[in-house]
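What follows is a single structure, written as structure tokens, with notes after it.
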Amino acid sequence: MIELKDSGAISPVSSMKRNGKVGNTLFKIAAFTAAALIPLVVITIFVVLFIEAYPAIKVFGVWHFITSKSWDAVNNHFGAFTPLFGSIYVTIWAFIFAAPISIGVAIFITELAPHWLKPIVTTAIELLAAIPTVIYGMWGLFVLAPFMQNHVEPWILNHLATLPIIGFLFNGPGIGIDTFTTAVILSIMITPFMSSLIKDAFSLVPEVVKESAYGLGATRWEAIRKVVMPYVSSGIFGAGIFAIGRALGETMAVSFVNGNNHNPGSFLDMLSLLNSVTTITVTLADEFTEAESHLYLSALFYIALILLVISFSTLAVAKFIVWRLERRWKT
Amino acid sequence: MENVRIKSRVLKSNVIMILSTLAALYGIVFLGWILVSIIYHGYEYLNLDFFTKDPVPPGMPGVGGLRMAFIGQFIITTIAAFIGTPIGIMAGIFLAEYGRGTWWAMFIRNLADIVISMPAIVIGAAVYVVLVAPLQSFNGLSGSVALSILSLPYITVATDEMLKLVPKEMREAAYALGAYKHYVIKKVTMRVAKTGILTGVILGLARMAGEAAPLLFTSFNNDHTTFNLLKPMATLTITIFIYATGPYHEWHEQAWAAGFVLTLGVLVAVIIAKYLVHGGSFTAPFMYVARRITKINKG
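Listed in order, the protein sequences are those of chains B and Y.
Numbered by the numbering used here, the letters in the first sequence go through residues 1 to 331 in order.
Numbered by the numbering used here, the letters in the second sequence go through residues 332 to 630 in order.
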């Protein structure tokens, strides 16, 4: 009896309570649905790409596809080695250019810059991170590529290409549309991310810890190298992985200056910084809307799937490594 | 002997400090170089027609403008924001408020961290299959969906992290008054975390607006102004991509001008977000991610 009375709409208090209960459930369902959308979208993307890539997977297999260099739309034969290699190779060089610069910027901001300069440099670096990537690409095409072609690469060709052993890295036409320019653009793009993240990590180090190093007579560099960096090594690792992930998946910054060259010649030519290559993202951007045959389109979905798997597993493995490390420390 | 060793250590330290200063200088030189080129070239080609007219075919008299790209960019970004923001915020609420300590929240959280660097062009390719191929036409709506997928993990992570910062005592005080959980979330935790979440959303949307790759296979391009979401729709980013790689000098000029407007818009949004919330930074949500990559989330 009492229960019936309470649930009646007459009493304002009990009606609010009931609405509250219903609202509670509805809100929880809404939040759950939104959160469930994330794995759902990710799974959908994987499944969709796999289904579309399946014809090409059936024809070319996996090992043959990633080791074959032929990309022949006329004879319908496709191999992903060139774009796959290009994506990874360009990312490696971008990382090599960006990593020391980023650490340098972080050291400058946290240790060296006078008080008034800190916010200026920090803001400048953050603005650099905010510039849309298509702007980096356009700037690369109109400004950096001609600059490379006219000023930097002739010097490299004259002085470095003749060096023994590493000379092959600098052989090529040197027209500004090549691995070198692409890697430089990418490194400029990822530097702000890396340096901001490393700077944030550095600033987590308690002042006392640094002072104890100085107290023992350490120089500035020794304090950073032996105390600050080990203290935040996981942060630096995370920044590096994150930057690599961004560089691998970037399309617009590289598509203008990369050349989309599917026939870079021998493997030694592909290694040269002054040769144009192609990356998975550039191949997709340039050829997706023009793919005539069904198999061609399927092959493009196949390389998209490969890129997704690489980028996904890079970050997943990074998480796994840290998880293992953490477990080891605890036991 | 000891003296020499100390000197060499100090020398090494000083050399590295000088190199660090040069590295900072290097970053600023590139920022300056890019900004100066964009302002110099972009400003030169800006005029009223640029905003109010559709393009004139190459070879015809007159220059025309990029009205279709401004309108398309606005429509696509706005719809993407309306899809991505509520879902992202609700997902963040779920992770922070309902999913503490559960394995599925931990799974979704780690997944969101990983997909935040999912290649944008791959999202475009997948959306193409689902929303473009069945309709047999590139369309603006699919562009919005692709962009919202791009911004979703970003907004989720920002919301989740901001809600985590809200002290437990505040929630407990509300519970002690007999409030339902959704009241607590709406009236207490969300209010406390409001500014932080807002910054995350603004910055997520600014990022999204500057990304062209997911639009290549979805909204594609259109030479005419259209309001039809089921037709191809031009955007500033795609127009820059097509015009800059095109063969005509006038196209290059217009690409610079479009780049100028796009950069200005994004930078203004970032600066507003930064000063709206003191200490907010563009990379803040990325920082959470990088920190989270380096540890496994146990909820």
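Glycine included, each C-beta is placed from N, C-alpha and C at the ideal position.
Please read these numbers as outputs of a predicted model, since none were measured by experiment.
- At a CB-CB cut-off below 8 angstroms, which residues of chain B make contact with S368 (chain Y)? W139, F142, V143
- Along chain Y, in chain order, which residues have C-beta atoms closer than 9 angstroms to that of N333 (chain B)? Residue 333 (chain B) falls outside the range modelled here, since chain B spans only 1 to 331, and no answer is possible.
- Message: Can you pull the chain A neighbours of S311 (chain B), defined as C-beta to C-beta under 7 angstroms?
- Response: Within the model displayed, chain A is absent; protein chains B and Y are what it includes.
- Item | Option in Y:Q467, Y:L536, Y:Q585 with minimal Cα separation from G396 (chain Y) | Y:Q585
- Item | CB contact below 8 angstroms: W221 (chain B) versus chain Y | yes
- Task: Determine the burial state of D72 (chain B): buried for a count of at least 16 other Cβ atoms within 10 Å of its Cβ, exposed for fewer.
- Result: exposed
- Item | Backbone secondary structure at S577 (chain Y) - three-state DSSP | Note that residue 577 (chain Y) is Gly in the sequence shown, not Ser. In this structure, G577 (chain Y) counts as coil in the three-state DSSP scheme.
- Query: To the nearest angstrom, how far is it from the Cα of A113 (chain B) to the Cα of A489 (chain Y)?
  - Reply: Distance between the alpha carbons of A113 (chain B) and A489 (chain Y): 29 angstroms.
- Item | Identity of the residue in Y:I439, Y:I602, Y:L362, Y:P386 nearest T530 (chain Y) by Cα | Y:I602
- Message: Across the stretch 202–221 of chain B and the stretch 150–157 of chain B, are there enough close Cβ pairs to call them in contact, namely three or more that are closer than 8 angstroms?
- Response: no
- Query: Would A544 (chain Y) count as contacting chain B if we go by Cβ distances under 8 angstroms?
  - Reply: yes
- Where the alpha helix (DSSP H) containing H159 (chain B) begins and where it ends: Segment 153–159, the alpha helix (DSSP H) holding H159 (chain B).
- Message: Tell me the residue span of the alpha helix (DSSP H) that contains I188 (chain B).
- Response: 179–202
- Query: How far does the alpha helix (DSSP H) with N263 (chain B) in it reach, from first residue to last?
  - Reply: Note, N263 (chain B): premise wrong, no alpha helix (DSSP H); not H, not E.
- Query: How is the alpha helix (DSSP H) around F237 (chain B) delimited, first residue to last?
  - Reply: 233–249
- chain B beta carbons: is any one of them nearer than 8 angstroms to that of T576 (chain Y)? yes
- W351 (chain B) to A183 (chain B) span [Cα, whole Å]: As displayed, chain B neither begins before 1 nor continues past 331, which places residue 351 (chain B) out of reach and without an answer.
- Alpha carbon to alpha carbon, what distance is there between G590 (chain Y) and V461 (chain Y)? 31 angstroms
- Task: Sort out for me which residues DSSP pairs G104 (chain B) with in a bridge.
- Result: For G104 (chain B), which the question treats as bridged, DSSP gives no partner whatsoever.
- Item | Cβ shell of T568 (chain Y) (< 6 angstroms), same chain only, five flanking positions each side left out | A543
- Message: In whole angstroms, give me the CA-to-CA distance for I627 (chain Y) and L141 (chain B).
- Response: Residue confidence is low: I627 (chain Y) scores 41 on pLDDT, short of 50, so the model does not pin down where it sits. No coordinate-derived value is stated.
- Task: Give every residue of the same chain whose Cβ lies closer than 7 angstroms to the Cβ of V523 (chain Y), excluding the five residues on either side of it in the sequence, and list them in chain order.
- Result: V497, M501
- Message: Run through chain B and tell me which residues come within less than 8 angstroms of G407 (chain Y), C-beta to C-beta.
- Response: Note that residue 407 (chain Y) corresponds to Ile in the displayed sequence, not to Gly. Within chain B, no residue comes near I407 (chain Y); the closest Cβ sits about 14 angstroms away, beyond 8 angstroms.
- Task: Would you mind working out which of B:I96, B:F85, B:H159, B:R324 sits nearest I185 (chain B), comparing C-alpha positions?
- Result: Measuring from the Cα of I185 (chain B), the nearest candidate turns out to be B:I96.
- Task: Could you give the DSSP three-state label for S313 (chain B): helix, strand or coil?
- Result: helix
- Query: Taking C-alpha atoms, which residue in B:F312, B:L315, B:I303, B:V317 lies nearest to L84 (chain B)?
  - Reply: B:I303
- Thinking I198 (chain B) and A239 (chain B) are a contact (beta carbons under 8 angstroms), I'd like their distance in whole angstroms, please. 5 angstroms
- In DSSP terms, what F95 (chain B) is bridged to: Note: F95 (chain B) sits in no beta bridge, so no partner.
- Query: Tell me which same chain residues have a C-beta within less than 8 angstroms of the C-beta of L163 (chain B), skipping the five on either side of it?
  - Reply: So the list reads F170, once near-sequence residues are dropped.
- Does the beta-carbon distance from I571 (chain Y) to M229 (chain B) come in below 8 angstroms? no
- Can you name, in chain order, every residue of its own chain whose Cβ lies under 6 angstroms from the Cβ of I452 (chain Y), other than the five neighbours on each side? A544
- Cβ distance (whole Å) where S196 (chain B) is taken to contact A129 (chain B) below 8 angstroms: 7 angstroms
- Query: What separation, rounded to the nearest whole angstrom, lies between the Cα atoms of I310 (chain B) and M391 (chain Y)?
  - Reply: 47 angstroms
- Secondary structure of F469 (chain Y), DSSP reduced to three states: coil
- Buried or exposed: P450 (chain Y), going by 16 or more other Cβ atoms within 10 Å of its Cβ? buried
- Message: For chain B, check one thing: does any of its Cβ atoms lie closer than 8 angstroms to the Cβ of L631 (chain Y)?
- Response: In the structure as shown, chain Y starts at 332 and stops at 630, and residue 631 (chain Y) therefore has no counterpart that could be examined.
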